[in-house]
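Position in the sequence shown counted from 1, then plus 146, gives you our numbering.
Notes to accompany the following structure.
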Amino acid sequence: MAKLHVLVALAGLLSVISPTQAEQAQYCNFQSGKEGIPPAPNDFCVAASTHRNHTRNAHDVYMTLDVYRPQSDARGWSAIGIGEGMAQALTFVVYGDPKSPSGPVVSIRRASGREEPRPYYYHDAKANNMAGIHVQVLSSEWAPSHYPPRHNIVVAHISLVCYACDTGRLDPGLDPLISTAPGRQPQAWIWAKNTQQQSLGGTTSQQATLDYHSEADRGFFFVDMARTIATGDPGSKTIRPGVSTVGAAETKEGLARLLSQEEEGRSSRRAFAHVVKTALHGFFMALAFLLLLPAGVLASLFSSGSSRHTDAGISAFRLHWMVQAAAMACILVGLVLGLLLQPRLSAAHHLVGVATISAIGVQVSLGMAHYHTQLMRAHHARGSARAPQKRWTWMARVHISLGRVVLLAGYASVLTGMVLRGASVFRLAVTGAIAVAEVLWLAVMVVRKRKELAAWEKEGEKSADVDSYRLLKEEEE
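Below, the structure is given as structure tokens:
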């Protein structure tokens with residue numbers, strides 16, 4: 147369970163340090179980020195993201211549109227269109243009365259030039275043997291805004307989807323409405339608004355007549371639609387408050403500069419994420435092989451002893467497997483990080499690491515099997531005068547031998563990883579010296595422990611059933 151918690155925490159960390167590849171675009175026709183400056187009547191923000199439609203082999207564009215209104219003002223309309231001009235654009239017009247029990251009116255329109263756009267119907271395009279563009283309004287409602295109540299502002303909150311937006315055409319001679327191909331020119335969008343028309347307040351018709359807008363109340367913005375392609379459930383898009391633009395700009399040149407800056411930012415985040423993952427990988431592996439595994443070996447040496455040291459031996463045995471479990475958790479975390487850094491096994495470090503971890507799995511299994519065998523022997527010997535049981539099974543001998551190999555291979559893995567990372571000669575020398583010192587120290591401890599065991603064996607009866615007594619004591623506790 148502890149290992150699972152470590153991996154879950156690691157996944158959360160990686161989700162934070164991993165850069166995002168795609169995001170929704172957002173554009174507001176006012177300076178949304180300026181503190182204390184509320185939007186003017188019929189100002190808007192629009193967010194869009196693109197999702198693959200596998201059924202139609204095309205892309206759907208999901209949009210959220212927020213139009214800001216004084217709560218007591220039903221005048222005017224707002225319009226956002228996908229396309230570089232009125233004749234090439236599919237336009238979404240929003241109007242209505244915030245005090246009305248019905249939601250805002252969303253009228254889907256198009257124009258043949260600089261004239262009032264007329265309602266566009268998908269079934270008319272299908273009747274004329276055109277691919278057409280199918281738009282569905284998912285929701286339309288009046289909602290409170292995030293601005294302070296003193297501004298008395300409400301929001302017309304609309305969610306809609308344009309199905310197969312990159313294959314449908316408004317006319318046979320026109321290109322598809324959008325293009326998601328990388329490297330294409332930025333997608334042009336148009337917008338306009340009217341703040342004075344009185345006749346729209348009480349209507350719910352999608353065919354209402356629209357008064358013209360002023361020259362100042364119109365504009366363009368550009369979006370790189372290829373960057374808005376997202377995966378997973380489209381869900382509902384949310385306007386980010388206090389943000390004027392995300393992946394959008396009012397000119398092509400401005401968008402190019404923005405995309406260049408964002409790419410530099412993503413490159414920096416990717417580089418930072420790589421550095422963090424590499425550092426964590428090295429930290430967990432060094433912690434396991436240079437500290438925890440040697441400490442576990444040392445604890446195992448004190449888990450064998452005479453009857454007068456039985457309690458200490460039992461505690462040392464518990465410490466042995468607890469430390470080894472902590473080492474395994476560190477190794478698993480390091481393995482996950484290593485695979486994220488380099489899924490392909492190409493360098494010597496990768497091969498040594500995989501072989502070492504595989505050997506650890508075998509070694510742990512043998513140790514558990516030996517412990518179970520000794521526990522069963524002690525259980526059957528309880529209450530009867532029997533000859534002392536054999537101290538080591540073949541599983542224990544292989545467990546010990548393989549453990550020594552694993553420890554040496556772990557040192558090699560740490561050193562080759564440092565070489566792969568480009569560590570200095572001094573750092574390599576210090577790490578190598580630590581590894582050599584640990585090996586020599588453990589070797590001395592092993593020899594000393596063997597001499598102590600030989601001396602205890604000569605005491606006869608006192609040491610005859612050391613192992614059985616220790617295991618029985620542990621089982622009773």
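Glycine included, every Cβ here is placed at the ideal spot set by N, Cα and C.
Terminal residues of the continuous alpha helix (DSSP H) containing residue i?
i, result
"Thr562", "Trp540 to Arg567"
"Pro440", "Leu439 to Leu447"
Which same chain residues, not among the five before or five after residue i, have their C-beta less than 8 Å away from its C-beta?
i, result
"His495", "Ser559, Thr562, Gly563, Val565 and Leu566"
"Asn199", "His205, Asp206, Tyr309 and Ala310"
"Leu491", "Leu497 and Val500"
"Ala531", "Only weak support exists for where Ala531 lies, its pLDDT of 48 falling under 50; the value from the coordinates is given anyway. Around Ala531: no qualifying Cβ."
"Ala493", "Thr562 and Leu566"
"Asn298", "Pro216, Gln217 and Ser218"
Can you give me the Cβ contacts of residue i inside the same chain, cut-off strictly under 6 Å, excluding the 5 residues immediately before and after it?
i, result
"Ala193", "Gln170, Gln172, Thr210, Lys383 and Ile385"
"Cys191", "Cys174, Asp212 and Ile385"
"Ser285", "Ser305"
"Leu465", "Ala445"
"Pro387", "His292"
"Glu584", "Pro440"
"Lys597", "none"
"His455", "Model confidence at His455 stands at a pLDDT of 44, short of 50, so the residue's coordinates are unreliable; what they give is reported in the following sentence. None."
"Pro185", "Phe176 and Tyr214"
"Gln470", "Gly442"
"Val283", "Val252 and Leu306"
"Ala394", "Ala171, Tyr173, Phe367 and Val369"
Within a Cβ cutoff of 7 Å, which residues of the same chain sit near residue i, ignoring the five residues on either side of it in sequence?
i, result
"Thr326", "Thr196, His205, Asp312, Met371, Ala372 and Ile375"
"Ala432", "Val560"
"Gln167", "The predicted position of Gln167 is uncertain, since its pLDDT is 45 and thus under 50; no value can be drawn from it."
"His303", "Asp212, Glu287 and Ala289"
"Gln177", "Ile183 and Ser390"
"Leu320", "Gln234"
"Val508", "Leu548"
"Gln344", "Arg221"
Pop quiz: residue i and residue j are said to be a contact at Cβ under 8 Å. What is the actual Cβ separation, rounded to whole angstroms?
i, j, result
"Trp335", "Val369", "6 Å"
"Thr341", "Gly484", "Not confirmed; about 60 Å, so no contact."
"Leu346", "Tyr241", "4 Å"
"Leu447", "Val592", "7 Å"
"Leu356", "Val281", "The pair is not a contact, with the Cβ atoms about 18 Å apart (cut-off 8 Å)."
"Ala473", "Gly442", "6 Å"
"Phe418", "Val479", "In fact, because the Cβ distance is near 19 Å, the residues do not count as touching under 8 Å."
"Met232", "Arg260", "6 Å"
"Leu426", "Leu323", "Rounded, the Cβ-Cβ distance is 46 Å, inconsistent with contact."
"Tyr557", "Pro380", "With 8 Å as the limit, Tyr557 and Pro380 do not qualify as a contact, their Cβ atoms being about 51 Å apart."
Below 8 Å between beta carbons: does that hold for residue i and residue j?
i, j, result
"Ile477", "Ala445", "no"
"Pro244", "Val300", "yes"
"Leu481", "Ile503", "yes"
"Leu588", "Val544", "no"
"Thr397", "Val251", "no"
"Leu438", "Ile580", "no"
"Val552", "Ala505", "yes"
"His516", "Ala542", "yes"
"Gln352", "Pro265", "yes"
What are the start and end residues of the beta strand (DSSP E) that includes residue i?
i, result
"Lys339", "Gln333 to Asn340"
"Glu287", "His280 to Pro290"
"Ile183", "That residue, Ile183, is in no beta strand (DSSP E); it is neither H nor E in DSSP."
"Phe368", "Arg364 to Val369"
"Asn199", "Phe190 to Asn199"
"Glu307", "With the sequence shown as reference, residue 307 is identified as Val, and Glu is not the correct amino acid for it. From DSSP, the beta strand (DSSP E) with Val307 extends over Ile299 to Tyr309."
"Leu206", "Here residue 206 is Asp; the residue named in the question, Leu, does not match the sequence. From DSSP, the beta strand (DSSP E) with Asp206 extends over Ala204 to Pro216."
"Ser390", "Looking at the DSSP string, Ser390 is not in any beta strand (DSSP E), and its letter there is neither H nor E."
"Phe238", "Leu236 to Tyr241"
"Arg255", "Val251 to Arg256"
"Ile226", "Trp223 to Ile228"
Three-pair Cβ contact test at 8 Å for the region 226 to 233 versus the region 256 to 271: yes
Meets three-Cβ-pair contact criterion under 8 Å: the region 570 to 577 and the region 535 to 554: no
The region 312 to 322 touching the region 214 to 221, judged by at least three CB pairs closer than 8 Å: no
The region 283 to 298 in contact with the region 331 to 345 per 3-pair CB rule at 8 Å: no
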